[in-house]
Every structure is written in C-alpha cells, then in structure tokens.
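In the working numbering, the protein residues as written are 29 to 287.
Structural data, given as structure tokens:
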C-alpha cells in the first residue's frame, strides 16, 4: 500500500520545498488543494501537478474548494447551476492532468435548508460527468456522516465513494469509524489524523483519541491502494518541518504495521 500525505502539512514554505521533504521522508504520493498558492510564492494550480511529478511523487487526488457546495442541494436553479459548472471544471482539470480522483465536500454549513432529492440529482449529474472522463469522486465526511450514508445508499455509482477523514469522524455526534466500516469497499481516499475528541485538530496519528485499532481493521477490509494523511500539527513540539514530516511517515508505518 502506497504512503501519501496532503501537500500542506502546517509549515509555511514554498510547495517545492514541502514536496522535497515529503519525498525524502519516504512518501510515494501527495495530494493538492486545487487553488493557486499566493504565498510565500505565487504558484498557479495548473502548474502544481508537474511540480509533483518532477519531485518523483505520484499525485493521488486534488481537493476541490467547498465554498457554496450547499447550493448543490438548493432549489434555486441558478445557484445550483453555477456551482455545478464550477465542479465540472474541477473534473475536467482531473481529466486534463491525468488525476484519478477529485475529493469534495458533501455540504458546508446549511444542513437545515437542503433539499434531499435535489442534492441526489446534483451528485448523480457530477458522477456521470466524471465517469465519462474516467474520474472518481470521493466525498469527504465532515459533520454530515448521515447525509453521506443516505447519498451512497441512493446512488450506487462505481465512481462515487468516500474520502474518510478520521479527525472529523471522532468529533461529537459523528460515527467513530462506523461510516468507514460500512462503506469500506467504496472508500477511495483517506484523510488520516488525530484529535482530542473536541476539536478538529488534525494531529499526527497516535496523539489523541482516535482508535487506530478500529481503523486498522477497516483499512484491511477496504480496497485502498494508497493510505493518505492530512496532518497539520501535533501535541509534540518539533524543531523544524523536516522532523515533523519524518515523524508523520513513521506514524503512518505504525498504522500499516510496517514500523
């Protein structure tokens, strides 16, 4: 199983330097937030895949911005159409750059105002558009595990699956691994990190309350070819980003039983 990490890991430095450290630590793959980086250097998002490849890494997925994603569930046709068009663009970017998976959120803030059937229709449209371009859509669990469960039950589409985020899932009201267990065979991507059970800290695995024995069991039942972290901090103090990223890799090896 390949080892992967999100290209931003909490240290303010140019993407080239981050990728160099990621490669040196032992990771084989990375993922990208799909917007231009404007600081400390301007880097257009369209140039990032090539930078990844030049550093000898695979590009596992891109993560779409989630502003206005709630409009996919809106009865306002104009709002919904505008957001659909933006996601069509992200999917086309995946196709153009030979990126297999787009990660996106299911919802953002306004769960009380969504229209379920409209949302199902929107995600069917996006999934079918993506399937024509040989792209998978992985939807991340945030605070809406029940909504994802409904969506996956309704839409049995081969290219629509889960991006499992362990930190999100160990917050109050979430499933503590149950959504991962149920949809293990439709899990395309992971965001592995830890927290204190109170806030979405995205600590290194092993720092907090997440039950890694439970998740290790679910990973074993999945068809994942790559195991990915999304970490931005730790309860430990590190002298530099190199020490942090090497420790992150060791923690991932502990999850896979390779340490």
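All C-beta atoms, glycine included, are put in the ideal place defined by N, C-alpha and C.
Computed from a prediction, not measured in an experiment: that's the story for all the values here.
- Listed in chain order, the alpha helix (DSSP H) elements of length 4 or more contained wholly in the region 116 to 194 are 144 to 159 and 173 to 182.
- Here the alpha carbons of residue 277 and residue 183 stand approximately 35 Å from one another.
- Where residue 76 is concerned, the enclosing alpha helix (DSSP H) starts and stops at 76 to 82.
- Excluding residues up to 5 positions away in sequence, 73 and 93 lie with their Cβ nearer than 8 Å to the Cβ of residue 63 in the same chain.
- A contact is defined here as three or more CB-CB pairs under 8 Å, and the region 153 to 168 fails this definition with respect to the region 197 to 209.
- Between the region 114 to 124 and the region 73 to 93 there are three or more inter-stretch CB-CB distances shorter than 8 Å, so the stretches are counted as touching.
- By the neighbour-count definition (other C-beta atoms within 10 Å, threshold 16), residue 147 is a buried residue.
- Separation of the CB atoms of residue 60 and residue 87 is rounded to 7 Å, and the pair is thereby assigned contact status at 8 Å.
- Residue 33 is bridged by DSSP to 58 and 257.
- By the 16-neighbour rule on beta-carbons within 10 angstroms, residue 31 is buried.
- Taken atom to atom, the span from the alpha-carbon of residue 224 to that of residue 202 is near 14 Å.
- Judged by DSSP in its simplified three-state form, residue 88 adopts strand.
- In the three-state reduction of the DSSP assignment, residue 101 falls in the helix class, which pools H, G and I.
- Across the structure, residue 101 and residue 128 are spaced so that their CA atoms are roughly 25 Å apart.
- Residue nearest to residue 170 within the set 253, 227, 117 and 45 is 227 (criterion: CA-CA distance).
- Counting along the chain, no beta strand (DSSP E) covers residue 208; the unbroken alpha helix (DSSP H) around it starts and ends at 206 to 210.
- It is roughly 41 Å from the alpha-carbon of residue 107 to the alpha-carbon of residue 280.
- Spanning the alpha carbons of residue 131 and residue 42 requires a straight line of approximately 23 Å.
- Of all alpha-carbon atoms in 181, 113, 117 and 189, the one lying nearest the alpha-carbon of residue 216 is that of 189.
- For residue 259 against residue 231, the beta-carbon gap comes to about 7 Å, under 8 Å, which counts as contact.
- In this structure, residue 55 places its C-beta atom within 8 Å of the C-beta atom of residue 33.
- In the DSSP secondary-structure assignment, residue 219 is bridged to 193.
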